[in-house]
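Chains as they are written, first to last, in our numbering: chain A, 1 to 86; chain B, 87 to 172; chain C, 173 to 258; chain D, 259 to 344; chain E, 345 to 430.
Report on one structure; see the data block that follows.
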Amino acid sequence: MLLARVEGNVTATRKHPSLDGWRLLICQPLDKAGAAEGTPQVAIDAHGAAMHQKVVISSDGAAARKSVGNNKSPVRWMVIGIVDEP
Amino acid sequence: MLLARVEGNVTATRKHPSLDGWRLLICQPLDKAGAAEGTPQVAIDAHGAAMHQKVVISSDGAAARKSVGNNKSPVRWMVIGIVDEP
Amino acid sequence: MLLARVEGNVTATRKHPSLDGWRLLICQPLDKAGAAEGTPQVAIDAHGAAMHQKVVISSDGAAARKSVGNNKSPVRWMVIGIVDEP
Amino acid sequence: MLLARVEGNVTATRKHPSLDGWRLLICQPLDKAGAAEGTPQVAIDAHGAAMHQKVVISSDGAAARKSVGNNKSPVRWMVIGIVDEP
Amino acid sequence: MLLARVEGNVTATRKHPSLDGWRLLICQPLDKAGAAEGTPQVAIDAHGAAMHQKVVISSDGAAARKSVGNNKSPVRWMVIGIVDEP
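This is the structure:
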């Protein structure tokens, strides 16, 4: 699981049908000082993360498929928590 | 899942039979500013992505095997969406 | 599995319910000289690792799901050992 | 899946028995310009790839285990195609 | 699978019980010239690899769990071969 910051979202009219209705967020992994590090991941989100919010994301495909309710879905990364910030 | 740009394609006469008839695209992962970052992935594509188009790709082997209809296929990465561009 | 140092923890009020009650540690992977290398992973911990302690972490989702007792959990990385230090 | 160039091979007298009789190729991932990028992977090969040839490799363990015919094998990366070159 | 050099070992009194009795080696991935590249992996070893020896390591969790004989183990990386050296 990675600590990441929401940096945007992706709109795709043509996509795998299992992704219909899901937000696809561009999540930038962060180093321990909060700076960007590594390639952004595109993740689905059911928690309502806002732009620039810090989140925890996970690459677990099995759990993501259960979230979208489609066991043939190619979905993998998902937002699994919104980090509390002061 | 990664945001990527299609940068070419691979032709391979000798290949795993499950890949027959599939386009193999060279997909360059992008950072949040749209610049190339990290090693390109070779992905199958059923959405008809064009050269230089932005796509979302996923590493999910289970879904990719279902797409090619062969549960012994070594396929993993696939294009799962074409990003809308203005 | 990676050698890592605990560099902090994440608090997330909104999160996947399977993570309730689990510590989420920010674990910085280390190179062979003990210097930080690569992106930190967020890992669950049942061993009571302290701040700045060296740990071994694993990305195995199947084992992590068994640890949290929820086979739909998106959890992946977990602390699997605390490194002995002189 | 990665585009890679064969850069050598590994000989290991002591190895997991499922690897007996398989070539173990050192495959250097390539960027879109064909330059080396990232850490080489050791892959099994059933296609007869030659030194310096370009190949496509996949990390799929399930397919690799079926290729070696041993469902306890730790094998993962395999050559899945030989790239046509002019 | 990665070509790596054994650079040390980890001692952990507190660890997942499935790791009891297993050596945990710090394995530094190598580039094609034999130089260190990337983050070291901690791997179990049943082949008796010595300090500074070159090995092949694999991330396959299913095979590693069979090796330790515990299907709940979080173990992933293991030494799967010792490279012959002149």
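All residues carry an ideal CB built from backbone N, CA and C; glycine is no exception.
No experiment lies behind these values; they were computed from the predicted model shown.
Proximal residues to residue i (C-beta, below 8 angstroms), its chain only, five neighbours per side dropped
{"i": "B:S159", "result": "H102, S104, L105, A150 and R151"}
{"i": "A:M78", "result": "A43, I44, D45, A46, I57, S58, D60, A63, A64 and S67"}
Close-in-space but distant-in-sequence residues of the same chain around residue i (CB under 6 angstroms, 5 per side omitted)
{"i": "A:I80", "result": "V56 and S58"}
{"i": "D:M259", "result": "V314 and S316"}
{"i": "A:G38", "result": "P29"}
{"i": "B:G120", "result": "none"}
DSSP bridge partner residues for residue i (one or two, in chain order)
{"i": "B:D106", "result": "According to DSSP, which records beta bridges pairwise, B:D106 is partnered with nothing at all."}
{"i": "A:K54", "result": "A:R5"}
{"i": "D:G339", "result": "B:K101 and D:V314"}
{"i": "B:A122", "result": "B:L116"}
{"i": "E:V386", "result": "E:I370"}
Beta-carbon proximity list for residue i, same chain, < 7 angstroms, skipping 5 on both sides
{"i": "A:Q108", "result": "For residue 108 of chain A there is no data in the structure shown, the boundaries of chain A being 1 and 86."}
{"i": "E:N414", "result": "S362"}
{"i": "D:E343", "result": "K312"}
{"i": "A:T11", "result": "none"}
{"i": "E:H396", "result": "R349 and V350"}
{"i": "D:I340", "result": "H305, A307, Q311 and V313"}
{"i": "C:D203", "result": "E209"}
{"i": "E:T476", "result": "No statement about residue 476 of chain E is possible, as the shown extent of chain E runs from 345 to 430 and does not include it."}
{"i": "E:N353", "result": "R367, L368, L369 and I370"}
{"i": "D:R334", "result": "S317, G319 and A322"}
query: Counting pairs of beta carbons, one from the region 12-28 of chain A and one from the region 38-53 of chain A, are three or more of them closer than 8 angstroms?
result: They touch, by the three-pair rule.
field: Positions along the region 178-201 of chain C whose CB lies within less than 9 angstroms of some CB in chain A
entry: Listed in chain order, the positions of the region 178-201 of chain C with a beta carbon within less than 9 angstroms of a beta carbon of chain A are E179, G180, V182, T183, A184, T185, R186, K187, H188, S190, L191, L196, I198 and Q200.
- prompt: When Cβ atoms are compared, which residues of the region 230-252 of chain C fall closer than 9 angstroms to chain A?
  reply: Residues of the region 230-252 of chain C with a C-beta atom less than 9 angstroms from some C-beta of chain A are S231, G233, A234, A236, R237, N243, K244, S245, P246, V247, R248 and W249, listed in chain order.
field: Contact residues within the region 377-393 of chain E, judged by C-beta distance below 7 angstroms to chain D
entry: Of all residues in the region 377-393 of chain E, E381, G382 and H391 have a Cβ within less than 7 angstroms of some Cβ in chain D.
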